[in-house]
Amino acid sequence: MSMTAEAFENLKNLSEWEVLGGRCAVCGPVSWLDKKAIERQIGNQYLLNLRGKLRCSCGNRIGNEVLIERIDRNA
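With the sequence shown counted from 1, adding 1104 to any position gets you this note's numbering.
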């Protein structure tokens, strides 16, 4: 079950079992991101602000969606 960034405030508010992803508004694929690498690179951002910083492999930066996925805590 994917949830949008509106449900969360910032990167540090994400639990260990929640993964951060992005969906391209142009070509549509979902990519899962390393939360700690994102935080090291751009700091503890509000998740809604990440949309403009995400760039797809197709080059698009406009209208991309930030996603949060909950994984099984026992995995």
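Beta carbons are placed, not taken as given, at the ideal position from N, Cα and C, and that holds for glycine.
Residue i - containing beta strand (DSSP E), residue span
i, result
"Arg1127", "Glu1122 to Arg1127"
"Val1146", "Sequence inspection shows Ile at residue 1146; the Val mentioned does not correspond to that position. From DSSP, Ile1146 is part of no beta strand (DSSP E) but of the alpha helix (DSSP H) over Lys1139 to Ile1146."
"Leu1158", "No beta strand (DSSP E) contains Leu1158, which DSSP labels as neither H nor E."
"Val1170", "Glu1169 to Arg1174"
Same chain, Cβ closer than 6 Å to residue i, five either side skipped, listed in chain order
i, result
"Glu1122", "Ile1172 and Arg1174"
Cβ-Cβ distance between residue i and residue j below 9 Å
i, j, result
"Asn1148", "Leu1124", "no"
"Gly1167", "Arg1159", "no"
"Ser1135", "Gly1126", "yes"
"Glu1169", "Ala1141", "no"
"Val1113", "Leu1137", "Val is not the amino acid found at residue 1113; the sequence shown has Glu there. Cβ distance not < 9 Å, so Glu1113 and Leu1137 don't count as in contact."
Contact set for residue i: own chain, Cβ-Cβ below 7 Å, skip 5 residues either direction
i, result
"Ile1146", "Lys1157"
"Asn1117", "none"
Closer than 8 Å: residue i CB and nearest the ligand SAH heavy atom
i, result
"Cys1160", "No copy of the ligand SAH occurs in the structure displayed, which carries no ligand at all."
Boundaries of the alpha helix (DSSP H) in which residue i is found, first to last residue
i, result
"Leu1118", "It is not in any alpha helix (DSSP H) - Leu1118 carries neither H nor E in the DSSP assignment."
Chain-order list of residues whose beta-carbon lies under 8 Å from that of residue i (same chain, five-residue window excluded)
i, result
"Cys1131", "Cys1160, Cys1162 and Asn1164"
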